[in-house]
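Asker:
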Amino acid sequence: MPSKLPFEPVVATFARHGYRKTAMGDVATALGVSRQLLYNRFGSKQALADWAQASLIDASLSAALAAVEQPSKTLADRLADALDQWVGRHMDALNLSPSGADAVPMLRRESDAMTRAAERRLIAAMTDAIRLSGPGAAVARAGSMAQALCWTARGLVHAVPDHATFRRQIDHILGALVAR
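Oh and the sequence shown: position 63 is 63 in the UniProt record's numbering, straight run, nothing missing.
1) Please report the residue range of the alpha helix (DSSP H) in which M24 lies.
2) Rounded to the nearest angstrom, what separates residue 181 and A164 at their Cα positions?
3) Among D84, H17, Q36 and L38, which residue has its Cα nearest to the Cα of L156?
4) For T127 versus I57, is the C-beta distance shorter than 7 Å?
5) Jot down the residue ranges of each uninterrupted alpha helix (DSSP H) in the stretch 79–121, minimum 4 residues, whole runs only, in chain order.
6) What residues in its chain sit with their C-beta under 7 Å from that of P2, if we drop five residues either side in the sequence?
7) According to DSSP, is Q46 helix, strand or coil?
8) If we ignore side chains and look at the alpha-carbon of each, how far apart do W86 and A129 end up?
9) Can the beta-carbon of R131 be found closer than 7 Å to that of A142?
10) For a test of the three-state rule: what should DSSP assign to Y39, helix, strand or coil?
11) DSSP three-state label for F7, please.
12) In this structure, does DSSP put Q53 in helix, strand or coil?
13) Have a look at A64, K4, Y19 and A54 and flag the residue whose alpha-carbon is nearest the alpha-carbon of L37.
14) How big is the Cα-Cα spacing for H158 and S60?
15) In three-state DSSP terms, what is D162?
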C-alpha cells in the first residue's frame, strides 16, 4: 500500500532533479527501497509523482487547517501559521533547484484542480476565523481578505530569498491587516 511510504523524500527527489531527470532508482535510493517495490506499488513514475504530490497537498492542508484552529493564539498568528504551513515551509524545495516549484504544487504559478480545491478549503477556514475573531472592519470582507492572503503568501514565496524572510513578511502583513 503506497501510504506506508513517506512522501517527503519522493517530493524532495523530484524537486532536486526535476520530473524528467528523476529516475525510479533515484526515488528508490531516497526511500531506501528497491526500484521493483516502487514499480509494484505504483506502476509508473507518473503514478508515484501523483501520489507524492497528493500526499503533500493533504499534509500541508491538514497542518494549515490545524494552525487556523489554535485557540491560544491571536488571529494574526493563527493565519500566519496557516499560510506558513500551506506554502512557506516548502521554500527549501523551491530553492533546491529550478524544478522545486514543479514538485510542490502549492508553489506553482498555475495550480492544478487538487491544489485549488485544497486552497479553497483553507480560504474557507481562514474566512471563518476572520469572521469570528477579526476586527469589526474585517468581518464584512473576510472572504476577500482570506483569498488575498493566500495569493499574497504564494507570491511572497517567489519574492523573498528564504523561509525566515517569508515568515517575517507574512507576520508583518497580517499584523497590519488584522490589527484591532
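Don't be surprised by glycine CBs; every beta carbon is placed ideally from N, CA and C.
Answerer: Checking against the coordinates, here is how it stands:
1) In the sequence shown, counting from the first residue as 1, residue 24 sits at position 24. Run containing M24: M24 to L31, per the alpha helix (DSSP H) assignment.
2) Residue 181 lies beyond the residue range present for the chain, which begins at 1 and ends at 180; the question has no answer from this structure.
3) Counted from its first residue, the sequence shown places residue 156 at position 156. Measuring from the Cα of L156, the nearest candidate turns out to be D84.
4) One-based indexing of the sequence shown puts residue 127 at position 127. One-based indexing of the sequence shown puts residue 57 at position 57. Using a Cβ distance threshold of 7 Å, T127 and I57 do not count as a contacting pair.
5) DSSP runs (the alpha helix (DSSP H)) wholly in the stretch 79–121: 91–96 and 100–103.
6) In the sequence shown, residue 2 corresponds to position 2, counting from 1. Residue placement at P2 cannot be trusted, given a pLDDT of 45 that sits under 50; what the coordinates show is reported in the next sentence. Only R41, F42 and W51 meet the Cβ criterion.
7) In the sequence shown, residue 46 corresponds to position 46, counting from 1. Helix, per DSSP.
8) Along the sequence shown, read from residue 1 onward, the residue named residue 86 stands at position 86. Along the sequence shown, read from residue 1 onward, the residue named residue 129 stands at position 129. Their backbone Cα atoms lie some 16 Å apart in a straight line.
9) Within the sequence shown, the letter at position 131 stands for residue 131. Within the sequence shown, the letter at position 142 stands for residue 142. Yes.
10) For the purposes of this step, residue 39 is identified with residue 39 of the sequence shown, where counting begins at 1. Y39: helix per DSSP, three-state reduction.
11) Residue numbering aside, residue 7 sits at position 7 when the sequence shown is read from its first letter. Judged by DSSP in its simplified three-state form, F7 adopts coil rather than helix or strand.
12) Your numbering for residue 53 matches position 53 in the sequence shown. In this structure, Q53 counts as helix in the three-state DSSP scheme.
13) On the sequence shown, residue 37 is found 37 positions in, with the first residue counted as 1. Answer by Cα proximity: K4.
14) Start at 1 with the first residue of the sequence shown, and residue 158 comes out as number 158. Start at 1 with the first residue of the sequence shown, and residue 60 comes out as number 60. Taking the CA atoms as reference points, H158 sits about 18 Å from S60.
15) One-based indexing of the sequence shown puts residue 162 at position 162. Coil at D162, not helix or strand.
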